[in-house]
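Participant:
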Amino acid sequence: MNEMESKPITARHHEVGLTDEQAIDMYRVMLLARKFDERVLLLQRAGKINFHVSGIGQETAQVAAGFALDRQNDYYLPYYRDYGLVLSVGMTVRELMLSVFAKAEDPNSGGRQMPGHFGSKRLRIVTGSSPVTTQVPHAVGIALAAKMKKQPIVSLVTFGEGSSNQGDFHEGCNFAGVHKLPVIIMCENNQYAISVPAHKQLGGRIVDRAAGYGFPGFRVDGNDPLEVYRVVKEARERAISGDGPTLIEAMMYRLSPHSTSDNDLAYRTKEEVEENRAKDGIPKYKQYLIEAGIWSDEQEEQFLVEVRGMLDDATTYADKAPFPTPESSLLHVYDGDAEGSR
Amino acid sequence: MPVMEYIDALRLAMKEELERDENVFVLGEDVGLKGGVFTTTKGLQQQFGEHRVLDTPLSESAIAGVAIGAAMVGMRPIAEMQYSDFMFPAANQIISEAAKIRYRSNNDWNCPIVIRAPIGGGIFGGLYHSQCPESVFFGTPGLKIVAPFTPYDAKGLLKAAVRDPDPVLFFENKKCYTLITGDVPETDYVVEIGKANVLREGSDITVISYSLPLHFAMEAAAELQEEEGISAHILDLRTLQPLDKEAIVEAVRRTGKVMIVHEDNKTGGIGAEVAAIIGEELLYELDAPIMRVCGPDVPAMPINPPGEKFFMLNKQKVKEAMRQLALY
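Line by line, the protein sequences give chains G and L.
Take the first sequence: its letter number 281 is residue 281 in this note's numbering, and every next letter is one higher.
If you count the second sequence from 1, you need to add 1000 to reach this note's numbering.
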């Protein structure tokens, strides 16, 4: 490609197999995730909603991973900061906002679960819980089913580095390794498990554990979406060709406090946060797209207006949407228990 | 109709379900070539292949969790816990995940898994190969819990469990495996989950139980009838969750005197809930205080023979309690 020869630095997205449109789409979803997150933080501070767990600082890796899969067929097992991931798979900000407001129409849980507990069978986003890392064996089970049924699909499971210390991480990885299952296990290493820094959680490197399970592991800069995209895409190719699982440790930094109930400056300094804010992947990727000649400040302005409109609409819609009826709390414990009750 | 052992009925149920539905598969420790430590799955891997009768690593949480993941995308896994005592590492997967998947997703997802686990003592298994953990899971909405006593029910309930759209804990009694034999049709049938069964009609006292202790109660009832003319009505709960309230009430009404028997320890056991139902529904129809005959409230049974015998129920203990109730 001539274009690549003339612009060797700015054609990285072509090298990893992304079209210009896809590269821009990825950026749009990251920015949407960031703006959604910021809006929900504002809503919480304004007292409109009770609680929010932020994913700010992790969107680049989340969205790149989402885009690297087959978004029509693969399965996603996100964790509670993965707004970027679920948006990349097709969840809308209106749907997310319905969850934030705990409204009946929320497709994730019908207003039953905390925000960030994603789930949508239509989008193959698998319902999750709060005890961390339980989703790793589930992803392995889905990969086992795919292998049994000879379906060319993979499951992607994400979690934080704190979660990687749970038994379910180990048990799931080992099971996947034994049976060479098509699962991509991606740790979003954001450096903190609430207040505990990585060096007090981990004696070694998460990525190195892959060797013990008998499959490859890759550590990648989570602020570099093109690199994350490449690594996840290659992992998917290995999985589909029967070469089994891949462990990916994406390095990033949780720029927000753990949740709206957390004061992060009790355990880390403003300077540390600012130092990491300078490494934020979103503005860096924007710069890349501008240098590649496929994005501009004007387009950004226009998109931000669009995003504001979407978020306003989503917020108003979710705010006005009805809560579930109290009696509906009794439904869906078992199959068929809703029959005869409305 | 062939007469078979309880364990053969379980194996037949799995074989038939594996033949019927290609989504059904069995997974667990040693379930493959060896056929399980009790031979419950013997021959199944040879018939259905390694992919449908899967030996797993020693990882109970993964066995449950992988089964849950597969079930969520349409498979029908039968996960074996080698002993119910080893289920606790999987308890988070069972209680936080399987039980809540339908509810937390507002009916979007469901989790049709079966978790088979052998319960009960009397095999010199000591603390960790003898427990009855049903009360740990009982009272967790979203789970169904069954515990068959007859070979007929073992087959029919296991087949029903495999076809159930919700998670079912299937507590089979390891002492029953070869001790209990009975008629088992080779035809395809299921026993409905949630229905108790009257094992013996009677008019003086009612015994409500499940699993192995029914063996003692049935023998005791026969002797008490013959020796002392005491007529016992015996109800097999079969399903522990949801309990068959109607059948419990009806069985108690038959005699007005009721005794609940289980090997699991007394405090917080299934019997406590059954007694509460009776208290709520028909306190004034009782002619005697509700009696419970259960394992003692110790952590688990000792391996030394006198200790194990002391913990376990047997015909004599149950018979004496039944006599006391009849005489009240």
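Here a beta-carbon is modelled for each residue, glycine too, at the ideal position from N, C-alpha and C.
With a CB to CB cut of under 6 Å and the five nearest residues on each side skipped, what residues in its chain are close to Ala33 of chain G?
Facilitator: In the first sequence, counting from the first residue as 1, residue 33 of chain G sits at position 33. Within the same chain, Ala33 of chain G has close Cβ partners Glu59, Tyr83, Gly84, Leu87.
Participant: In angstroms with no decimal places, state the Cα-to-Cα distance between Lys1195 of chain L and His52 of chain G.
Facilitator: Start at 1 with the first residue of the second sequence, and residue 1195 of chain L comes out as number 195. Start at 1 with the first residue of the first sequence, and residue 52 of chain G comes out as number 52. Between Lys1195 of chain L and His52 of chain G, the C-alpha separation is close to 45 Å.
Participant: According to DSSP, simplified to helix, strand and coil, what is Ile1078 of chain L?
Facilitator: What you label residue 1078 of chain L is simply residue 78 of the second sequence in a count that begins at 1. Looking at Ile1078 of chain L - three-state DSSP - the assignment turns out to be strand.
Participant: Beta carbons nearer than 8 Å to chain G: which residues of the stretch 1130-1142 of chain L have them?
Facilitator: If the cut-off is 8 Å between Cβ atoms, the stretch 1130-1142 of chain L has Pro1141, Gly1142 near chain G.
Participant: Please classify Leu1283 of chain L: is it buried, with 16 or more other beta-carbons within 10 angstroms of its beta-carbon, or exposed?
Facilitator: In the second sequence, residue 1283 of chain L corresponds to position 283, counting from 1. Leu1283 of chain L is exposed by the Cβ-count criterion.
Participant: Hey, does Ala1067 of chain L have any beta-carbon neighbour from chain G nearer than 9 Å?
Facilitator: Numbered from 1 along the second sequence, position 67 holds the residue referred to as residue 1067 of chain L. By this cut-off, Ala1067 of chain L is an interface position.
Participant: Please confirm if Pro1238 of chain L has its CB atom under 9 Å from at least one CB of chain G.
Facilitator: Translated into the one-based positions of the second sequence, residue 1238 of chain L becomes position 238. Inspection of the sequence shows that residue 1238 of chain L is occupied by Arg rather than by Pro. Chain G, which has no Cβ nearer than 9 Å to the Cβ of Arg1238 of chain L, makes this no.
Participant: Leaving aside the five residues before and after Val1003 of chain L along the sequence, list all residues of the same chain whose C-beta is less than 7 Å from its C-beta, in chain order.
Facilitator: One-based indexing of the second sequence puts residue 1003 of chain L at position 3. Here the set comprises Thr1181, Gly1182, Asp1183.
Participant: What residues in the stretch 173-190 of chain G bring their beta carbon closer than 7 Å to a beta carbon of chain L?
Facilitator: Per Cβ criterion, the list reads Asn174, Phe175, Val178.
Participant: Run through the stretch 1128-1212 of chain L for me and flag every whole beta strand (DSSP E) of 3 or more residues, listed as ranges in chain order.
Facilitator: For the stretch 1128-1212 of chain L, whole beta strand (DSSP E) runs of length 3 or above, ordered along the chain, are 1144-1146, 1168-1173, 1181-1183, 1197-1200, 1205-1209.
Participant: Let me know the beta strand (DSSP E) ranges lying completely inside the stretch 71-137 of chain G, each 3 residues or longer, listed in chain order.
Facilitator: Here the runs fully enclosed are 75-77.
Participant: What does the alpha-carbon distance come out to for the pair Glu1228 of chain L and Met1322 of chain L?
Facilitator: For the purposes of this step, residue 1228 of chain L is taken as residue 228 along the second sequence, with counting starting at 1. For the purposes of this step, residue 1322 of chain L is taken as residue 322 along the second sequence, with counting starting at 1. Each residue's Cα considered, the two are about 11 Å apart.
Participant: At a CB-CB cut-off below 8 Å, which residues of chain L make contact with Arg112 of chain G?
Facilitator: On the first sequence, residue 112 of chain G is found 112 positions in, with the first residue counted as 1. What Arg112 of chain G touches in chain L: Tyr1103, Arg1104, Asn1106.
Participant: Output the boundary residues of the beta strand (DSSP E) element that contains His1262 of chain L.
Facilitator: Stepping through the second sequence from its first residue, residue 1262 of chain L is reached at position 262. That run of the beta strand (DSSP E) goes 1258-1265.
Participant: When the Cα of Glu21 of chain G is compared with those of G:Asn189, G:Gly293, G:Asp312, G:Ala250, which residue comes out closest?
Facilitator: The residue you call residue 21 of chain G lines up with position 21 of the first sequence. With distances taken between Cα atoms, Glu21 of chain G lies closest to G:Gly293.
Participant: Got a sec, what are the start and stop residues for the beta strand (DSSP E) Gln1241 of chain L sits in?
Facilitator: Here residue 1241 of chain L corresponds to residue number 241 of the second sequence, with the count starting at 1. Gln1241 of chain L -> beta strand (DSSP E) spans 1239-1241.
Participant: Quick one, are the C-beta atoms of Leu1054 of chain L and Val1024 of chain L less than 9 Å apart?
Facilitator: Taking the first residue of the second sequence as 1, we reach residue 1054 of chain L at position 54. Taking the first residue of the second sequence as 1, we reach residue 1024 of chain L at position 24. It is not a contact, given that the beta carbons lie outside the stated cut-off.
Participant: Quick one: grab the DSSP three-state call for Ser329 of chain G.
Facilitator: Reading the first sequence from its first residue, position 329 is the one you call residue 329 of chain G. In this structure, Ser329 of chain G counts as helix in the three-state DSSP scheme.
Participant: Going by alpha carbons, who is nearest to Phe1138 of chain L out of L:Leu1179, L:Gly1156, L:Ile1094?
Facilitator: By 1-based counting over the second sequence, the position of residue 1138 of chain L is 138. Considering only alpha carbons, the answer is L:Ile1094.
Participant: Taking Cβ positions only, does Lys7 of chain G come closer than 9 Å to chain L?
Facilitator: By 1-based counting over the first sequence, the position of residue 7 of chain G is 7. In this prediction, Lys7 of chain G scores a pLDDT of 49, lower than 50, which makes its location untrustworthy; the coordinate-derived value is nonetheless stated afterwards. Not closer than 9 Å to any Cβ of chain L, the Cβ of Lys7 of chain G fails to qualify, so no.
Participant: Which residues in chain L have a C-beta closer than 9 Å to the C-beta of Lys121 of chain G? List them in chain order.
Facilitator: Numbered from its first residue, the first sequence carries residue 121 of chain G at position 121. The answer, in chain order, is Met1072, Ser1105, Asp1108, Trp1109.
Participant: For the stretch 1073-1097 of chain L, which residues have a beta carbon sitting closer than 9 Å to at least one beta carbon of chain G?
Facilitator: Here the close residues are Val1073, Gly1074, Met1075, Pro1077, Pro1089, Asn1092, Gln1093, Ser1096, Glu1097.
Participant: Going along the chain, which residues of its own chain have a beta-carbon closer than 7 Å to the beta-carbon of Gly110 of chain G, five neighbours each way excluded?
Facilitator: In the first sequence, residue 110 of chain G corresponds to position 110, counting from 1. Excluding positions up to five away in sequence, the list reads Ala104, Pro324.
Participant: Helix or strand or just coil, what does DSSP make of Thr260 of chain G?
Facilitator: Reading the first sequence from its first residue, position 260 is the one you call residue 260 of chain G. Coil at Thr260 of chain G, not helix or strand.
Participant: Under DSSP, the alpha helix (DSSP H) around Pro1306 of chain L begins and ends at which residues?
Facilitator: The sequence position of residue 1306 of chain L within the second sequence is 306, counting from 1. 1305-1311 is the extent of the alpha helix (DSSP H) around Pro1306 of chain L.
Participant: When you compare each of G:Val63, G:Gly116, G:Ile185, G:Gly222 to Pro216 of chain G by their alpha carbons, which one comes out closest?
Facilitator: For the purposes of this step, residue 216 of chain G is taken as residue 216 along the first sequence, with counting starting at 1. Closest by alpha carbon: G:Ile185.
Participant: Whole angstroms is fine: what's the gap from Asp313 of chain G's alpha carbon to Arg94 of chain G's?
Facilitator: Counted from its first residue, the first sequence places residue 313 of chain G at position 313. Counted from its first residue, the first sequence places residue 94 of chain G at position 94. In a straight line, the C-alpha of Asp313 of chain G is about 8 Å away from that of Arg94 of chain G.
Participant: Taking only beta-carbon atoms, is His344 of chain G less than 9 Å away from chain L?
Facilitator: In the structure as shown, chain G begins at 1 and stops at 342. Residue 344 of chain G is therefore absent and cannot be evaluated.
Participant: Can you name the start and end residues of the beta strand (DSSP E) that Ala1099 of chain L belongs to?
Facilitator: The residue you call residue 1099 of chain L lines up with position 99 of the second sequence. Careful: Ala1099 of chain L lies outside any beta strand (DSSP E) and carries neither H nor E.
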